[in-house]
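Take a look at the structure set out below.
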Amino acid sequence: MTPLSLAALTLIFFATALVTVVTGSTTLITVPVMLQFGIEPRTAVATNMLALTWLSFGGALPFLRTTAIDRPRVPVLTALTLAGSAAGALLLFTVPARWMTLIIPVAMVAVAAVLLFDPAAELVPPSQLRARSGYAVMALLSVYGGFLSGGYATLVTAAGILFFRYPLLRAIAMSRLLNTASSLIAVAVFAHYGIIDWRLGAILSAAAFAGGVLGTHWARKMPSALLRRLFLGAVAVLALKSLIFDVPWKELVAA
0 MTPLSLAALT LIFFATALVT VVTGSTTLIT VPVMLQFGIE PRTAVATNML ALTWLSFGGA
60 LPFLRTTAID RPRVPVLTAL TLAGSAAGAL LLFTVPARWM TLIIPVAMVA VAAVLLFDPA
120 AELVPPSQLR ARSGYAVMAL LSVYGGFLSG GYATLVTAAG ILFFRYPLLR AIAMSRLLNT
180 ASSLIAVAVF AHYGIIDWRL GAILSAAAFA GGVLGTHWAR KMPSALLRRL FLGAVAVLAL
240 KSLIFDVPWK ELVAA
C-alpha cells in the first residue's frame, strides 16, 4: 500500500469512527473500503476488528465513571459476549460471509420499525421476562459480533433499548463497552491464526480511537431527541445501503 493510500484509509477510519461511535455499523463502511484498497478479505475483517476494539474502547472511555454504565448487568453481559464472540470468530473460517449479509439489513429494518413505533420504550422498566430475553438476544448477537461485526453495535444498542429499556445514551455506552469485549476476544482468535496486519492495524486503531473519543464527547452534549433522530436515520440509511449494495442477490438466488 502506498503512503497516499495509507493516509486516505486512515482518514476514512477516523471520519467513520467519529460518526459511527454513536450509530454503530462501522464495519459496514470500513471493511468494504479496505477491500477496495486491495486488502485480502479475511485480513481486512481481522485487521478491522483490531481497529474496532480501539474505537469501542475510545467510545466507552468517557462513560466509565458515569451512571450510563449498567454496572449490575455488566458481569453477565460481558461473560456472554466473550463466549459468543469467541464462537463467532471461529465461524469466520467455516461460514461464507455472504450468507450473513442479508441478516444485517433485515435486522436493521426491524430495529428502525420498532423504535419508530415505540418511541417511549426506554421509559418503561423491563419485566423479568423481558430482561431474561435480553440476555439471550445479547448472547446471540455476540456470536455475530465475533464473526463479522458489521452492524453489531447498532443491534446491541437497539437490544439495550428494547429489552433493558435503556435511554439511548446508556444503550450506546453499554454497546461500546460490550463491543470492546467482543472485538477483543475476536482479535485474540484472529491473532492466533495469524491473519491480522499488525502494522496497518496499529495505524487504523489510533485513528479509530481518536474518532471514538471525540465522537462520544460530542454525543454526550447532544439533546436526546437529536441523538435519537441521528441513530434512527443512520440505521435506515445503512439498512438501505446494505440491501442495495452489499447483499449478493444473484448468488443467494442461485444457491
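Read left to right, the sequence shown gives residues 0 to 254 (numbering that gives the first Met the number 0).
C-beta: ideal position from N, C-alpha, C; glycine also.
- Straight-line measurement puts the Cα of leucine 213 at about 24 Å from the Cα of valine 186.
- Under the three-state reduction of DSSP output, methionine 137 falls in the helix class.
- Taking the Cα positions, tryptophan 217 is about 10 Å away from glycine 211.
- Non-local C-beta neighbours of serine 132 in its own chain, meaning closer than 8 Å and more than five positions away in sequence, comprise Phe162, ordered along the chain.
- Three or more Cβ pairs closer than 8 Å define a contact, and the stretch 132-146 falls short of that threshold against the stretch 12-32.
- A straight line joining the alpha-carbon of leucine 76 with that of valine 236 spans about 29 Å.
- About 6 Å separates the beta carbon of alanine 50 from that of glycine 200, a gap short enough to meet the 8 Å contact definition.
- Per DSSP, reduced to three states, the secondary structure at tyrosine 165 is coil, with no helix or strand assignment.
- In the displayed model, arginine 41 falls within a helix according to three-state DSSP.
- Here the alpha carbon of proline 71 sits roughly 16 Å from the alpha carbon of isoleucine 160.
- With contacts defined as CB atoms closer than 8 Å, alanine 88 and leucine 54 fail to qualify as a contacting pair.
- The alpha helix (DSSP H) runs of length 4 or more contained entirely in the stretch 157-234 are, from start to end of the chain, 167-191 and 197-220.
- Between arginine 228 and valine 20 the beta-carbon gap is near 17 Å, outside 8 Å, which marks them as no contact.
- Given a length threshold of 4 residues, each whole run of the alpha helix (DSSP H) inside the stretch 4-59 is given here in chain order: 26-35 and 40-59.
- Leucine 225 and leucine 154 have their C-alpha atoms spaced approximately 19 Å apart.
- Residues Leu168, Arg169 and Ala172 of the same chain have their beta carbon placed closer than 7 Å to that of alanine 67, with the five preceding and five following residues left out of the count.
- A direct Cα-Cα distance of roughly 13 Å separates alanine 206 from methionine 48.
- Of all alpha-carbon atoms in Pro2, Met0 and Val18, the one lying nearest the alpha-carbon of phenylalanine 208 is that of Val18.
- Glycine 145 is positioned such that its CB atom lies closer than 8 Å to that of alanine 86.
- Looking only at Ile243, Leu231, Ala152 and Phe230, the smallest Cα-Cα distance to phenylalanine 56 is reached by Ala152.
- Apart from sequence neighbours up to five positions away, the residues of its chain that approach phenylalanine 13 with a beta-carbon distance below 8 Å are Ala206, Ala207, Ala209 and Gly210, ordered along the chain.
- The beta carbon of proline 222 sits closer than 8 Å to no other beta carbon from its chain once the five residues preceding and following it are set aside.
- Our two residues, valine 32 and alanine 45, have alpha carbons roughly 14 Å apart in a direct line.
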